[in-house]
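Written out below as structure tokens is the structure these notes cover.
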Amino acid sequence: MAEQVKADIKWADLGFEYIKTDYRFISYFKDGSWDKGELIEDEYLRIHEGSTAFHYGQECFEGMKAFSAKDGRVLLFRPDCNAERMKNSCEAILMPPYPVEKFVEAVKKVVKANERFVPPYGSGASLYIRPYMIGVGPNLGVKPSKEYIFSIFVTPVGPYFKGGLRPCDMVTTEYDRAAPKGTGSAKVGGNYAASLRPHKIAVNDGFIDCIYLDPLSKRNIEEVGAANFFGITPDNRFVTPDSPSILPGITKRSLTYLAENRLGMKVEERDISIEEIDRFSEAGACGTAAVVTPIGSITHNGKTTRFYGNGKEVGPITKKLYELLTGIQNGDIEPPEGWIVEVD
Ligand SMILES: *Cc1c(COP(=O)(O)O)cnc(C)c1O
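Heads up: the sequence shown at position 64 corresponds to 80 in the numbering used here, and the numbers run straight through without jumps.
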């Protein structure tokens, strides 16, 4: 990769905010096919007022990251999984999937073009990658669009929850983010509009985020804001919810594998009743943005359950999972086959 002089950014101070980078990838779908796509400098889109993305939420997105290794290589974490998931999201709302291989190529291209924004090894920051697809073009009725834009922008980010690896207090919400047979398992924009109010209520009440229960029985844990949930039992089990209305996280899938194959834990993917959380010695949220975030406490119906160290300390398993995952992502730890893709 051609050397670029790093951008003048205080990497250690980065939060999770948009910072404009040099290039974004953009491709158009028209007359039944995708064009070959290109890198452009303009961060503004000019699109038709009748675009289905505006009126009917015909939009989906992905979230992934690029990391600097110690030797300066730039690494992607399981980009093929994001490509496959975006394909599923597209199918859920009748959009034409962007081909998986072309997706990974486009991600590499845009990361390479913005190499000076990839935070250096050891900074704790990374380059967030946001692929998305929107329905565009003149339209009025509720029906799928005939034209689409697939685009990818990148922006350097620090931790999603400020303060690094520190336990966060969560509260259950009475609202639902998804319906039993709705679009909860697709990364489509509409799910997140519905999550804004419950998130705000939780923050106003002094919590970091809210926990959604399953929309049918309102008994089982589904998600922690826009991240997946896991619990650790004292007898070394990694427990995470199984439900058709949660978003299948690549981080969760990876942690499940690492817990089983690297830490020798038993893995359970099943319903997790909110009534049984006092059996967990540790709990956490996981996702590309959240990485592995320890949950200090969960408040439900006015009752607070605290986890490791009375909710004030990071549990040893959560810490191990965090170190394993981030170590693999920045190239310090041998990855399972196919997990790391180099941008070259
Ligand atoms: C994106 C997302 C996750 C995490 O998925 P990752 O692939 O691990 O980043 C979890 N829950 C929701 C609701 C999400 O949108």
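Yeah, the Cβ is synthetic: ideal placement off N, Cα and C, and Gly gets one too.
DSSP places K125 outside any beta strand (DSSP E); the residue lies instead in the alpha helix (DSSP H), whose first and last residues are V116 to A129.
Taking 8 Å as the cut-off, the beta carbon of G140 is found closer than this to the beta carbon of G174.
Between the C-alpha atoms of N244 and T171 there is a straight-line separation of about 23 Å. Look at C302: its beta carbon is less than 7 Å from one of the heavy atoms in ligand 1. The residue among C97, E276 and V359 with its C-alpha nearest the C-alpha of I333 is E276.
Sequence-distant partners of D287 (beyond 5 residues in either direction) whose C-beta falls short of 6 Å from its own C-beta, in its chain, are N236. For a cut-off of 8 Å, the C-beta gap from R322 to K282 is around 24 Å, too long to register as a contact. Two segments are said to touch when three or more pairs of C-beta atoms, one from each, lie closer than 8 Å; by this definition the region 69-81 does not touch the region 178-194. In the same chain as Y228, and ignoring 5 residues on each side of it, the C-beta atoms closer than 7 Å to its own belong to T189, D192, R193, E238 and E239, in chain order. DSSP places P183 in the coil class of the three-state scheme, outside both helix and strand. Secondary structure of K282 (DSSP, three-state): strand. Cα atoms of G347 and G66: separation of roughly 45 Å, rounded to the nearest angstrom.
At least one heavy atom of ligand 1 is found less than 7 Å from the C-beta of L263. Remark: the shortest separation between the CB of G327 and any heavy atom of ligand 1 does not fall under 7 Å. Residue pairing for C302: DSSP places it in a beta bridge opposite N244 and V308.
Contact between the region 119-128 and the region 141-155 is present: 3 or more CB-CB pairs across the two stretches fall below 8 Å. For K22, the closest alpha carbon among the candidates C226, N130, Y324 and Y60 is that of N130.
Taking all protein chains in view, the Cβ of G318 is surrounded by fewer than 16 other Cβ atoms within 10 Å, so the residue is classified as exposed.
Checking the 7 Å criterion, the Cβ of E100 is out of range of every heavy atom belonging to ligand 1. Residue environment for G241: buried (at least 16 other C-beta atoms within 10 angstroms of its C-beta). Of the heavy atoms belonging to ligand 1, none sits nearer than 7 Å to the Cβ of G174.
In this structure, D225 lies away from S261, with their beta-carbon atoms at least 8 Å apart. Taking a C-beta distance under 8 Å as the contact criterion, G53 and I63 do not qualify as a contact pair. Scanning V307, F296 and S289 for the CA closest to the CA of L271 turns up V307. In the structure shown, E75 falls within a strand segment according to DSSP collapsed to helix, strand and coil.
Bridge partners of H316 according to DSSP: K319. T256 sits close to E285, with the two beta carbons spaced by under 8 Å. Contact between Q20 and R89 does not hold, since the beta-carbon distance rounds to 14 Å and is not under 8 Å. A residue is called buried once 16 or more other Cβ atoms fall within 10 Å of its Cβ, and G222, having fewer, is exposed. Beta-bridge analysis with DSSP links F166 to S43 and M149. Per DSSP, the unbroken beta strand (DSSP E) holding M80 starts and ends at M80 to S84.
Take R94, set aside five residues on each side of it, and the residues of its chain with a beta-carbon closer than 6 Å to its own are I266 and W355, in chain order. Residue F169 holds the alpha-carbon nearest to the alpha-carbon of T37 among F169, L232, G343 and S142. For R278 against T249, the beta-carbon gap comes to about 18 Å, at or over 8 Å, which does not count as contact. In summary, N220 is exposed, with fewer than 16 beta-carbon neighbours lying within 10 Å of its beta-carbon over all protein chains present.
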